[in-house]
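A.B. asks:
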Amino acid sequence: MEKNNHPFFLDKLISALLLPLILTLVAPFTFCFGNSNELSFSLSDVVLPAVGVFIALSIVFFSVLSVLSRYPTAYRVARGLSLGVAACLWIQSQVLIWPFGPLDGRGMDWARWRLHMWMEAVIWIALLIVAIYIAIRSTRTIRHVERVTGLLAVLSLASGYWFDYQPQPKKDTVQFDNLFEFGKEHNILVIILDSFQSDYFDHIANLYPREVEFLDGFTYFQNTISG
Numbered sequence: 009m010e011k012n013n014h015p016f017f018l019d020k021l022i023s024a025l026l027l028p029l030i031l032t033l034v035a036p037f038t039f040c041f042g043n044s045n046e047l048s049f050s051l052s053d054v055v056l057p058a059v060g061v062f063i064a065l066s067i068v069f070f071s072v073l074s075v076l077s078r079y080p081t082a083y084r085v086a087r088g089l090s091l092g093v094a095a096c097l098w099i100q101s102q103v104l105i106w107p108f109g110p111l112d113g114r115g116m117d118w119a120r121w122r123l124h125m126w127m128e129a130v131i132w133i134a135l136l137i138v139a140i141y142i143a144i145r146s147t148r149t150i151r152h153v154e155r156v157t158g159l160l161a162v163l164s165l166a167s168g169y170w171f172d173y174q175p176q177p178k179k180d181t182v183q184f185d186n187l188f189e190f191g192k193e194h195n196i197l198v199i200i201l202d203s204f205q206s207d208y209f210d211h212i213a214n215l216y217p218r219e220v221e222f223l224d225g226f227t228y229f230q231n232t233i234s235g
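See below:
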């Protein structure tokens, strides 16, 4: 095993970067790019934390591979396992995309997708076995496969940003200082809820009283029309 030369260090570095890259950047951000209009946060708020996690995981993976490099068989198995999981995550996030429908809070009928789940399980198991086998049998082959997988990951991230990402327009911020005008005495603030909202507010107030403590001082009249 070539432990002291540049190619070995580069192989180990790429192996350490590949899985964290797909896990922390490619899979989540391509999802965000395709659903940018549905996000309640800005991507700029999560880029730096995600990059930080990517760097931290890469350092951990590189350290583990450096320790395992003293044991050739364990090193090859770990390298193949890392490649297999990375490839599975890329396929899962970029290829195995099913029309689950809108994420509107309704439960999923998982029985309807049972065949898809079995197919995904077969793909994962097969890829993990093949990746470990390649890693044990041929250093050159796994080197090429890692680079191709990394290239696909980077292209997925770049194309997702280029074709799918639609930045949210800047919204006008409300200046709450001038939203209300109060007198020095005898101010009355009325908050009106419809029947549906009133029932849920009463339910929340009974189960989680701490969540409505900010309304202390208000008098709550339950909407009796809804029963």
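So that you can map any letter, position 56 of the sequence shown is 64 in our numbering, and since no number is skipped, the others follow by simple counting.
A virtual CB, placed ideally from N, CA and C, is assigned to each residue, including glycine.
1) Beta-carbon within less than 6 Å of valine 34's beta-carbon, same chain only, minus the 5 sequence neighbours each way: which residues are those?
2) Measuring CA to CA, which of Gln174, Val198, Ala24 is closest to glycine 92?
3) Buried or exposed for aspartate 224, going by 16 or more other Cβ atoms inside 10 Å?
4) Just the Cα atoms here: how many angstroms apart are cysteine 40 and phenylalanine 190?
5) Since I believe glycine 158 is in contact with isoleucine 22 (beta carbons under 8 Å), could you give me their beta-carbon distance rounded to a whole number of angstroms?
6) Quick check on the burial criterion: 16 or more other C-beta atoms within 10 angstroms. Buried or exposed for glycine 109?
7) With a 10 Å radius around its C-beta and 16 neighbouring C-beta atoms as the bar for buried, classify lysine 192 as buried or exposed.
8) Anyone know if the C-beta pair for isoleucine 137 and arginine 87 falls short of 8 Å?
9) Under 8 Å: do the stretch 45-65 and the stretch 116-132 share three or more Cβ pairs, one atom per stretch?
10) For arginine 84, I'd like the list of residues in its chain whose CB is within less than 7 Å of its CB, leaving aside the five on either flank, ordered along the chain.
11) Using three-state DSSP, classify serine 206 as helix, strand or coil.
12) Which stretch, first to last residue, makes up the alpha helix (DSSP H) that contains histidine 152?
13) Are the beta-carbon atoms of leucine 97 and isoleucine 140 separated by less than 8 Å?
14) Can you list, in chain order, the residues of its chain whose CB lies under 7 Å from that of phenylalanine 70, leaving out five sequence neighbours each side?
15) Mind reading off the beta-carbon distance from isoleucine 99 to isoleucine 133? Whole number of angstroms is fine, and I expect it under 8 Å.
16) For threonine 32 versus leucine 76, is the C-beta distance shorter than 8 Å?
17) Around the C-beta of alanine 94, are 16 or more other C-beta atoms found within 10 angstroms, so that it is buried, or is it exposed?
18) Look at the alpha carbon of glutamine 174 and the alpha carbon of serine 44, and state the distance between them as a whole number of angstroms.
19) Can you give the Cα-Cα distance for proline 15 and alanine 129, rounded to whole angstroms?
20) Would you report the Cα separation of methionine 9 and leucine 18, rounded to the nearest angstrom?
C.D. replies: Per the coordinate set shown:
1) Ala161, Ser164, Leu165
2) Ala24
3) exposed
4) 43 Å
5) 6 Å
6) exposed
7) exposed
8) no
9) no
10) Ala143, Ile144
11) helix
12) 147-167
13) no
14) Lys20, Leu21, Ala24
15) Rounded, the Cβ-Cβ distance is 13 Å, inconsistent with contact.
16) no
17) buried
18) 6 Å
19) 34 Å
20) A caution first: methionine 9 carries a pLDDT of 47, below 50, which makes its placement in the model unreliable, though a value can still be read off. Approximately 14 Å, taken between the alpha carbons.
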